[in-house]
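Here is the structure we will look at, set down as structure tokens.
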Amino acid sequence: AAAQRAAAPNLQTRHRTSGESSTYARDFFGASRLHFIGSWKERFKAICAGMPPAPPLPTPRPGEQRAVMHIDMDCFFASVAVAHFPAFAGLPLAVSWGNPSVESGHGEIASCSYEARARGVRNGMWLKDALPLCSDGAGGPSELVVVPYQFDEYAAAAEAMYRRVFALTPHVIGVSCDECYADVTGCGDPLALATELRAQIQAATRCNASIGIGPSRLVARIATSACKPDGQSALSEEGARRLLAPQPVTALPGIGRSNAAALSAAGIA
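full-length UniProt numbering numbers the first residue of the sequence shown as 1 and each following residue consecutively.
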């Protein structure tokens, strides 16, 4: 991990301003996680540009429901790091520009492995708060492995994932670099297709994907949340209702703190 940080050019110099460096804007956006995520839409358009026009969506046969897949890569940035450095497998790992050897630890964690999550580490946490969670509690060094971003590797893995999905169906809706929906109505048994697709994605990227299946995007996404990590699940609308019935409204995709507060004020919790 230290070698990766030493090889990251933007970590070897102090922060500069546009008045000090003619390449400031390029360097800034090149090191920005939010810029990478925000620019994925253009990358997705470039992938689609090489595809033939999608035919109309197939109509489900009598007695059958539409089959929509929600494909979501597990801990994507962290998984890419492990794929390129297998020695990190099984260790609590976080992706951040922060330096774990600096006490202030002001770097924000963008992605963390499930081993780190088991210790209480979460995406969006400051590195200084995450490091103690992975120590022995007796003042010893933290076991948290901290690696820098690898944007080129993320882009390559994301494109490989998308191309495997497009090989299955032309009806793909891109959500982000590590998440998409695919309508596989009429393509065969959805669970068998999911098993094969997950295997293809793993072989191409060395990263795991979870796939939820349902008659709509919402139900498919709920199914994914029930089978992570590295799993697959199919839900009907009735199955989704049963799964969500005992849970708070925040279990619904897209319901964050502000929406939850507004719904709570209306008597919906």
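No residue lacks a Cβ here, since even glycine has one placed at the ideal position from N, Cα and C.
Cβ separation of R66 and P253, assumed to be a contact under 8 Å, to the nearest whole Å:
Residue mapping note: residue 66 aligns to position 66 of the sequence shown, counting from 1. Residue mapping note: residue 253 aligns to position 253 of the sequence shown, counting from 1. R66 to P253, Cβ: 18 Å. No contact.
Taking 7 Å as the limit between beta carbons, can you name the residues of its chain near A260, skipping five residues before and five after?
On the sequence shown, position 260 is the one that residue 260 refers to. Within the same chain, A260 has close Cβ partners V249, T250.
Segments assigned beta strand (DSSP E), at least 3 residues, entirely inside the region 184–216:
209–214
Would you decide whether G267 is buried or exposed? Buried here means 16 or more other CB atoms lie within 10 Å of its CB.
Within the sequence shown, residue 267 is the residue found at index 267, counting from 1. By the neighbour-count rule (16 or more Cβ atoms within 10 Å), G267 is not buried but exposed.
When the Cα atoms are used, what is the spatial distance from residue 284 to T185?
Any answer about residue 284 is impossible in this case: the structure gives the chain only from 1 up to 269.
Meets three-Cβ-pair contact criterion under 8 Å: the region 71–87 and the region 198–214:
yes
Chain-order list of residues whose beta-carbon lies under 6 Å from that of F151 (same chain, five-residue window excluded)
Within the sequence shown, the letter at position 151 stands for residue 151. Only F36 meet the Cβ criterion.
Should L197 and R164 be called a contact, given that it needs their Cβ atoms to be closer than 8 Å?
Counting from one through the sequence shown, the residue named residue 197 turns up at place 197. Counting from one through the sequence shown, the residue named residue 164 turns up at place 164. Cβ atoms of L197 and R164: closer than 8 Å.
Tell me, please, which residues DSSP counts as bridged to M73.
The count along the sequence shown starts at 1 and reaches residue 73 at position 73. According to DSSP, M73 bridges with A209.
Can you name the residues that DSSP bridges to S142?
The residue you call residue 142 lines up with position 142 of the sequence shown. BP columns for S142 are empty, so no partner.
Can you check whether the CB of S233 is closer than 8 Å to the CB of R226?
For the purposes of this step, residue 226 is identified with residue 226 of the sequence shown, where counting begins at 1. For the purposes of this step, residue 233 is identified with residue 233 of the sequence shown, where counting begins at 1. It is Ala, not Arg, that sits at residue 226 in the sequence shown. A contact, by the Cβ cut-off of 8 Å.
So, with DSSP's three-state summary, where would you put V121?
Along the sequence shown, one-based indexing puts residue 121 at 121. Here V121 sits in coil by DSSP.
Please state if the CB of R122 and the CB of C134 are separated by a distance shorter than 8 Å.
Here residue 134 corresponds to residue number 134 of the sequence shown, with the count starting at 1. Here residue 122 corresponds to residue number 122 of the sequence shown, with the count starting at 1. Not a contact, by the Cβ cut-off of 8 Å.
C-alpha distance - Y24 paired with C187, whole-angstrom precision
Taking the sequence shown and counting its residues from 1, the one referred to as residue 24 is at position 24. Taking the sequence shown and counting its residues from 1, the one referred to as residue 187 is at position 187. With a pLDDT of only 49 at Y24, under the threshold of 50, the placement of this residue in the model should not be trusted; the figure read from the coordinates follows. So the two alpha carbons sit approximately 49 Å from each other.
Report yes or no: do the region 46–64 and the region 141–155 share at least 3 C-beta pairs separated by less than 8 Å?
no
For residue 270, the three-state DSSP class (helix, strand or coil)
Residue 270 is absent from the model: the chain starts at 1 and stops at 269.
Among C177, D178, A167, nearest to G50 - alpha-carbon criterion:
On the sequence shown, residue 50 is found 50 positions in, with the first residue counted as 1. Minimum Cα distance to G50 is reached at A167.
F29 versus E237: straight-line alpha-carbon distance, rounded:
In the sequence shown, the residue the question calls residue 29 occupies position 29. In the sequence shown, the residue the question calls residue 237 occupies position 237. Reliability fails at F29, whose pLDDT of 49 lies under 50, so the model's placement of it is uncertain and the value that follows must be treated cautiously. Distance between the alpha carbons of F29 and E237: 42 Å.
Measuring CB to CB, does L193 end up less than 8 Å from V219?
As a first step, residue 193 is located in the sequence shown; it is residue number 193 there, counting from the start. As a first step, residue 219 is located in the sequence shown; it is residue number 219 there, counting from the start. Not in contact: L193 and V219 (Cβ atoms no closer than 8 Å).
Who are the Cβ neighbours of L243 in its own chain at under 6 Å, not counting the five residues just before and after it?
Counting from one through the sequence shown, the residue named residue 243 turns up at place 243. So no residue of the chain qualifies.
Cβ neighbour criterion (16 or more within 10 Å) applied to residue 270
Lying outside 1 to 269, the shown extent of the chain, residue 270 is not represented and no answer is given.
Coarse secondary structure for I109, derived from DSSP in three states
Position 109 of the sequence shown, counted from the first residue, corresponds to residue 109. I109: coil per DSSP, three-state reduction.
DSSP bridge partner residues for C180 (one or two, in chain order)
As a working mapping, residue 180 is identified with position 180 in the sequence shown. For C180, which the question treats as bridged, DSSP gives the partners I71, G174.
Rounded to the nearest angstrom, what separates R33 and H70 at their Cα positions?
By 1-based counting over the sequence shown, the position of residue 33 is 33. By 1-based counting over the sequence shown, the position of residue 70 is 70. Those two C-alpha atoms are separated by around 23 Å.
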